[in-house]
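Here's the structure we're looking at; comments come further down.
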Amino acid sequence: MRSIWNGAISFGLVSIPIKLVNATESHSISFRQIHLEDGGRIRYRKFCELEDKEVTSAEIGKGYEDADGSIIPITDEDLSHLPLPTAKTIEIVAFVPADRIDPLQMDASYYLAAGGAPAAKPYTLLREALKRSNKVAIAKYALRGRERLGMLRVVDNAIAMHGLLWPDEVRAPEGVAPDTKVTVNDKELDLADALMDTLGEIDLDELHDEYREALEEVVAAKAAGETPPEAPEPAKGGKVLDLMAALEKSVSAAKKSRGEEGEEGGEAEAEAEVRRLPARKSARATPKQTTGKKSTATATARATGKKTAAKKTTASAKKSTSKSTQASKKTTAKKSTQPKKTTPRKRTA
């Protein structure tokens, strides 16, 4: 690995000569611009506006454009004399816990290589001090014409430095979160937790760039005069989904992919189909339905009324029968109390 910057780490009164090495590399596929008519390469050439001629990279320098449009030349020598202690030094200003660093501030990553044998001892001292403290070092340094903020931490047996954005360069997330009031119930959270537990962890080394692999297949097919592979049809689904069913199906699919799915899981997957939510019906279009309690109460009242009427009718019949019976008894009693009239017998001669 080739160093891109040479300097020193300032650690109190300790100075550690180091070399800055890129810790990352890009594997993305780059394209060239071509003329569609004949496939000719399109190139950008640099011209001087005053002389109207093409210039080489060796003839190009830096200049600052003033408010009136005039250009003020700035040379590399001018930049080397900047009144900054970090011009050639990574100055450590504090040691903080790693969780104090917002991941949004992370920028480019570098390795700090010891600059020769004399740097081995102080380099190892700083590395072991960072390990034992479980902290990271916050530093300031100058690179490519500007002062930057950095974080030093230990990676294996090396010291790595992550470029950090200045705090005022990170935007506040205003207007990003949904402004609609949404309520999430405990059952939905439980299903989300179950999905997270089912997916579990993963070895990041197993992840790879599938887009780049597919792009390489397209380039290879075109180079061989073959038809590039077609992309699979994306799954079609409704915009409005049943969230609970989607979560249940996700948990079932995750378990199945990990070989944890049993017979019960198959049934759960069949039941947890993603479906559209039913449309709400208008209150005017849908007649009000009486509840079961009201219907039962009405039927009971009617039945009770009928029974009461029947009882009244029976009671009236009994009363009339009783009256007629009493009247009959009185008539019979009167007849029995009256003296019987005797008819005189005729005497026979």
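Mind the numbering: the sequence shown is residues 0 to 348 in numbering that gives the first Met the number 0, read in order.
Even glycine gets a Cβ: it sits at the ideal position worked out from N, Cα and C.
The model shown is predicted, which means the values in this text are computed figures rather than measured ones.
Among residues of its own chain, excluding the 5 on either side of residue i, which ones have a beta-carbon nearer than 7 Å to its beta-carbon?
{"i": "residue 61", "result": "73"}
{"i": "residue 27", "result": "211"}
{"i": "residue 41", "result": "32, 33, 34"}
{"i": "residue 71", "result": "62, 63, 65"}
{"i": "residue 214", "result": "28"}
{"i": "residue 108", "result": "22, 23, 159, 161"}
{"i": "residue 142", "result": "4"}
{"i": "residue 77", "result": "none"}
Among the options, whose alpha-carbon lies nearest the alpha-carbon of residue i?
{"i": "residue 89", "options": "151, 130, 25", "result": "151"}
{"i": "residue 137", "options": "104, 223, 144, 156", "result": "104"}
{"i": "residue 158", "options": "183, 167, 124", "result": "124"}
{"i": "residue 198", "options": "246, 87, 95", "result": "246"}
{"i": "residue 10", "options": "132, 134, 91", "result": "91"}
{"i": "residue 407", "options": "187, 228, 221, 207", "result": "The chain is shown from 0 up to 348; residue 407 falls before or after that span and cannot be answered."}
{"i": "residue 81", "options": "94, 55, 140, 53", "result": "140"}
{"i": "residue 118", "options": "18, 217, 229", "result": "18"}
{"i": "residue 184", "options": "217, 200, 242", "result": "242"}
{"i": "residue 257", "options": "201, 223, 218", "result": "201"}
{"i": "residue 253", "options": "190, 208, 229, 68", "result": "190"}
{"i": "residue 110", "options": "77, 68, 155", "result": "155"}
{"i": "residue 167", "options": "25, 128, 147", "result": "147"}
In terms of residue numbering, what span does the beta strand (DSSP E) encompassing residue i cover?
{"i": "residue 61", "result": "61–64"}
{"i": "residue 90", "result": "88–96"}
{"i": "residue 25", "result": "Element bounds for residue 25: n/a, residue is neither H nor E."}
{"i": "residue 154", "result": "145–154"}
{"i": "residue 106", "result": "105–113"}
{"i": "residue 163", "result": "157–163"}
{"i": "residue 39", "result": "That residue, residue 39, is in no beta strand (DSSP E); it is neither H nor E in DSSP."}
{"i": "residue 9", "result": "2–10"}
For the alpha helix (DSSP H) containing residue i, list its first residue and its last residue.
{"i": "residue 125", "result": "119–132"}
{"i": "residue 211", "result": "209–222"}
{"i": "residue 193", "result": "185–198"}
{"i": "residue 246", "result": "242–256"}
{"i": "residue 79", "result": "75–79"}
Is the distance from the Cβ of residue i to the Cβ of residue j below 7 Å?
{"i": "residue 22", "j": "residue 16", "result": "no"}
{"i": "residue 144", "j": "residue 163", "result": "no"}
{"i": "residue 121", "j": "residue 13", "result": "yes"}
{"i": "residue 220", "j": "residue 231", "result": "no"}
{"i": "residue 177", "j": "residue 134", "result": "no"}
{"i": "residue 44", "j": "residue 58", "result": "no"}
With a threshold of 7 Å between beta carbons, is residue i in contact with chain B?
{"i": "residue 87", "result": "Structure shown: chain B not included; a single protein chain is present."}
Kindly list the residues whose CB is nearer than 6 Å to the CB of residue i, restricted to its own chain and excluding five residues on each side of it in sequence; keep chain order.
{"i": "residue 50", "result": "none"}
{"i": "residue 0", "result": "20"}
{"i": "residue 130", "result": "153"}
Since residue i and residue j are thought to touch, with beta carbons under 8 Å apart, how far apart are those beta carbons, to the nearest angstrom?
{"i": "residue 153", "j": "residue 194", "result": "Rounded, the Cβ-Cβ distance is 34 Å, inconsistent with contact."}
{"i": "residue 112", "j": "residue 2", "result": "7 Å"}
{"i": "residue 94", "j": "residue 56", "result": "Wrong, their Cβ atoms sit about 42 Å apart, outside the cutoff."}
For residue i, which residues from the same chain have a beta carbon less than 8 Å from its beta carbon, with the 5 sequence-adjacent residues on both sides left out?
{"i": "residue 101", "result": "169"}
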